[in-house]
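Novice: Here it is, the structure in full.
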Amino acid sequence: MQQAAWQKPIVRAWRTCRKDRRRTGTRAKTRPGNDKHTKEGTFQVDSNSETRTKDAESVRQENGVDGLVRKEPWPRRYSIVALCFTAFLLCNMDRVNMSIAILPMAQEMEWSETTKGLVQSSFFWGYLLTQIAGGIWADKVGGKKVLGFGVIWWSIATIATPIAASLGLPALLATRACMGVGEGVAMPAMNTILARWVPASERSRALALVYSGMFVGSILGLVASPFAINEYGWPAVFQIFGSLGFVWFAIWIAQASSTPAEDGGIGDTERVYIEMNIPANPPLEKIPWGALLSKKEVWAIIFCHFCHNWGTFILLTWMPTFYADHLGMDLYESGYASVLPWVAMAVSANTAGWFADTQLIGKGMSVTQTRKIMQSVGFLGPAICLSILPRVHSAPLAISLLMVSQACDAFSHSGLYSNHQDIGPRYAGILLGMSNTAGVLAGVFGTAVTGYILETGGWSEVWGVAVVLYIVGTIVWLAFSTGEQVIE
264 MQQAAWQKPI VRAWRTCRKD RRRTGTRAKT RPGNDKHTKE GTFQVDSNSE TRTKDAESVR
324 QENGVDGLVR KEPWPRRYSI VALCFTAFLL CNMDRVNMSI AILPMAQEME WSETTKGLVQ
384 SSFFWGYLLT QIAGGIWADK VGGKKVLGFG VIWWSIATIA TPIAASLGLP ALLATRACMG
444 VGEGVAMPAM NTILARWVPA SERSRALALV YSGMFVGSIL GLVASPFAIN EYGWPAVFQI
504 FGSLGFVWFA IWIAQASSTP AEDGGIGDTE RVYIEMNIPA NPPLEKIPWG ALLSKKEVWA
564 IIFCHFCHNW GTFILLTWMP TFYADHLGMD LYESGYASVL PWVAMAVSAN TAGWFADTQL
624 IGKGMSVTQT RKIMQSVGFL GPAICLSILP RVHSAPLAIS LLMVSQACDA FSHSGLYSNH
684 QDIGPRYAGI LLGMSNTAGV LAGVFGTAVT GYILETGGWS EVWGVAVVLY IVGTIVWLAF
744 STGEQVIE
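Here it is, written out as structure tokens:
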């Protein structure tokens with residue numbers, strides 16, 4: 264394919280960089296703000312004989328780098344983002360089907376509310392185990408292998424769920440925990456992949472899109488589960504949904520790469536664009552745990568992730584039961600009503616990501632201010648809605664409140680969930696694993712405690728705990744979070 268005139272200087276610079284690397288054994292380094300290698304906005308290649316330096320801003324202005332990838336019909340990194348989106352879609356389809364299937368399962372097996380809570384929370388036992396381990400693994404060997412492993416592992420566990428249930432409660436709990444082991448590596452692996460593929464100027468939108476895959480997965484799972492149960496019985500839900508993971512895995516192995524440097528299908532121009540906008544970091548050999556744990560900004564993310572996930576996981580696992588118990592809906596009605604808040608969340612997440620990147624950061628607002636604003640909406644919106652919800656007995660109004668709650672919650676993906684890559688891009692997977700461990704603990708305790716509360720109290724107490732945590736989380740986030748890099 265003939266190159267346009269504006270592309271040739273960029274490709275030539277990249278090819279020169281590659282030749283120098285092969286000849287000298289050194290690597291190109293683009294580390295904004297580090298004078299040892301380059302000044303901010305500079306593209307530099309180390310060699311024995313000379314240092315070739317091009318001002319990145321000049322390249323953008325003269326050769327159209329900012330419009331470079333937009334001129335390509337489908338940049339390679341879009342494919343990576345799309346595959347991560349699909350993985351997260353399957354992740355929540357396989358997770359949320361239990362929230363519907365548990366209604367006929369509980370009737371058939373005569374489970375109490377406490378037992379239902381135990382079954383729902385058992386997923387998080389395994390999910391907890393692989394958060395930090397998944398981040399370390401992904402940062403060391405690459406996100407492609409780790410995410411691929413996770414999808415296959417949880418798909419097998421999903422298919423095995425009906426067999427385990429027939430063997431008894433202990434076998435079912437163990438199988439759900441095994442499923443959690445697989446899903447536990449997905450988020451840190453994805454974070455590691457996108458930290459190496461997506462420049463900061465596109466990060467909010469990319470993360471919002473990938474995380475919206477979870478919402479779309481919830482929607483599809485909640486819509487399809489009642490139909491599958493009615494037509495084929497509750498075991499079919501797990502068998503059908505689990506099988507889809509094998510299709511995704513085949514595509515992932517053939518098409519994905521952990522980094523642009525490993526990708527054989529990426530064009531020269533896009534590779535240059537990514538290398539100029541993302542610092543090149545060598546594989547991790549030693550993790551600076553002391554530095555990570557000494558930063559108040561890291562602890563702010565960890566604590567706020569716990570606060571966020573307490574409410575999110577209760578809604579994810581107990582929403583159909585709330586509709587059935589509090590509003591008197593049947594299986595179909597509760598399943599379809601549960602879809603609407605996740606639709607609102609999917610739309611809002613991508614809108615919020617666009618708004619954060621283009622209307623806030625893109626117009627001069629600092630990353631720190633942007634993250635604080637977005638996460639404040641993500642906490643205070645649900646707090647207001649859930650504080651009103653126990654007093655509502657009208658189905659349309661209750662559904663509307665939950666839609667607004669989840670639409671506001673989606674702003675968190677341009678706040679809390681984008682912040683790991685802001686404060687320590689080299690350790691993005693590990694940081695997310697650390698904070699999501701706290702988030703999973705919220706799922707373990709919140710989901711199980713909800714079952715106990717419902718036997719001794721009611722939904723007012725369930726939502727009240729979530730509201731308190733949202734408010735405390737807002738205070739901590741505003742006081743201690745930052746959008747600046749604090750870990751080298």
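The working numbering puts the first residue of the sequence shown at 264, with every later residue one more than the last. In this text, a Cβ means the ideal position worked out from N, Cα and C, and glycines have one as well. Since we're looking at a predicted model, the values are computed, not measured.
Rounded to a whole number of angstroms, what is the C-alpha to C-alpha distance between Val448 and Trp605?
Specialist: As a working mapping, residue 448 is identified with position 185 in the sequence shown. As a working mapping, residue 605 is identified with position 342 in the sequence shown. Looking at the two C-alpha atoms, the distance is approximately 23 Å.
Novice: Quick check: what's the CA-CA separation for Ala491 versus Val500?
Specialist: Locating residue 491 in the sequence shown gives position 228, counting from the first residue. Locating residue 500 in the sequence shown gives position 237, counting from the first residue. The alpha-carbon atoms of Ala491 and Val500 are separated by roughly 6 Å.
Novice: Let me know the secondary structure DSSP gives Gln502 once reduced to three states.
Specialist: Translated into positions along the sequence shown, residue 502 becomes position 239. Looking at Gln502 - three-state DSSP - the assignment turns out to be helix.
Novice: Taking a contact to mean a Cβ-Cβ separation below 8 Å, would you say Ala615 touches His676 in this structure?
Specialist: Against the sequence shown, residue 615 aligns to sequence position 352. Against the sequence shown, residue 676 aligns to sequence position 413. Yes. Within cutoff.
Novice: With distances taken from CA atoms, which of Ala364, Ala350, Ser467 is nearest Ser597?
Specialist: Position 334 of the sequence shown, counted from the first residue, corresponds to residue 597. Here the closest residue by C-alpha is Ala364.
Novice: Return no unless some Cβ of chain C is closer than 8 Å to the Cβ of Ser521.
Specialist: Absence of chain C from the displayed structure is noted, only one protein chain being present.
Novice: Roughly how many angstroms separate the alpha carbons of Arg689 and Ile624, rounded to a whole number?
Specialist: Residue 689 sits at position 426 when you count from the first residue of the sequence shown. Residue 624 sits at position 361 when you count from the first residue of the sequence shown. Distance between the alpha carbons of Arg689 and Ile624 is about 22 Å.
Novice: Specify the secondary structure class of Ile647 as computed by DSSP and reduced to three states.
Specialist: Reading the sequence shown from its first residue, position 384 is the one you call residue 647. Ile647 falls in the helix class under three-state DSSP.
Novice: Note down the Cα distance separating Met608 from Leu695, rounded to an integer number of angstroms.
Specialist: Locating residue 608 in the sequence shown gives position 345, counting from the first residue. Locating residue 695 in the sequence shown gives position 432, counting from the first residue. Going from the Cα of Met608 to the Cα of Leu695 covers about 21 Å.
Novice: What's the gap between the Cα of Ala513 and the Cα of His589?
Specialist: Numbered from 1 along the sequence shown, position 250 holds the residue referred to as residue 513. Numbered from 1 along the sequence shown, position 326 holds the residue referred to as residue 589. So the two alpha carbons sit approximately 43 Å from each other.
Novice: So the candidates are Ile343, Ile651, Ser475; which of them puts its Cα closest to the Cα of Ala612?
Specialist: Against the sequence shown, residue 612 aligns to sequence position 349. Considering only alpha carbons, the answer is Ser475.
Novice: For Gly413, I'd like the list of residues in its chain whose CB is within less than 6 Å of its CB, leaving aside the five on either flank, ordered along the chain.
Specialist: Position 150 of the sequence shown, counted from the first residue, corresponds to residue 413. These residues qualify, in order along the chain: Gly445, Val448, Ala449.
Novice: Lys403 by DSSP, collapsed to three states: which one?
Specialist: The sequence position of residue 403 within the sequence shown is 140, counting from 1. If DSSP states are grouped into helix, strand and coil, Lys403 belongs with the helices.
Novice: Among the candidates Leu391, Ser481, Arg358, whose CA atom is the shortest distance from the CA of Leu603?
Specialist: Position 340 of the sequence shown, counted from the start, is the residue given in the question as residue 603. When only C-alpha atoms are compared, the closest one is Ser481.
Novice: Hey, out of Ile426, Gly508, Ala437, Leu432, whose CA is closest to Phe351's CA?
Specialist: As a first step, residue 351 must be located in the sequence shown, where it is residue number 88. If we check each option's Cα against that of Phe351, Gly508 comes out closest.
Novice: List, from N- to C-terminal side, the alpha helix (DSSP H) runs of 4 residues or more that fit wholly inside the segment 708–744.
Specialist: Entirely contained in the segment 708–744, the alpha helix (DSSP H) runs reaching 4 residues are, in chain order, 722–743.
Novice: If you draw a straight line from the C-alpha of Glu718 to the C-alpha of Leu679, how long is it?
Specialist: As a position in the sequence shown, residue 718 is number 455, starting the count at 1. As a position in the sequence shown, residue 679 is number 416, starting the count at 1. Cα-Cα distance, rounded: 33 Å.
Novice: Return helix, strand or coil for Gln684, following the three-state DSSP convention.
Specialist: Locating residue 684 in the sequence shown gives position 421, counting from the first residue. Of the three classes helix, strand and coil, the one that applies to Gln684 here is helix, per DSSP.
Novice: Just the C-alpha distance for Ile238 and Tyr495, rounded to the nearest angstrom, thanks.
Specialist: The displayed coordinates of the chain run from 264 to 751. Any statement about residue 238 would go beyond what the structure contains.
Novice: Following the continuous alpha helix (DSSP H) through Trp617, name the residue where it begins and the one where it ends.
Specialist: Locating residue 617 in the sequence shown gives position 354, counting from the first residue. That run of the alpha helix (DSSP H) goes 594–617.
Novice: For Thr522, which of Trp552, Cys570, Met453, Pro433 has the nearest alpha-carbon?
Specialist: Position 259 of the sequence shown, counted from the start, is the residue given in the question as residue 522. Measuring from the Cα of Thr522, the nearest candidate turns out to be Met453.
Novice: Tell me the residue span of the alpha helix (DSSP H) that contains Asp357.
Specialist: Residue numbering aside, residue 357 sits at position 94 when the sequence shown is read from its first letter. Note, Asp357: alpha helix (DSSP H), 339–372.
Novice: Decide if His656 is buried, meaning its Cβ has at least 16 other Cβ atoms within 10 Å, or exposed.
Specialist: Your numbering for residue 656 matches position 393 in the sequence shown. Label assigned to His656: exposed.
Novice: Using a Cβ distance threshold of 8 Å, determine whether the segment 377–388 contacts the segment 426–446, with at least three qualifying pairs required.
Specialist: At 8 Å Cβ cutoff, the stretches touch.
Novice: Three or more C-beta pairs closer than 8 Å, one from the segment 703–716 and one from the segment 390–405: is that the case here?
Specialist: Taking 8 Å as the limit for Cβ pairs, the verdict is that the segment 390–405 does touch the segment 703–716.
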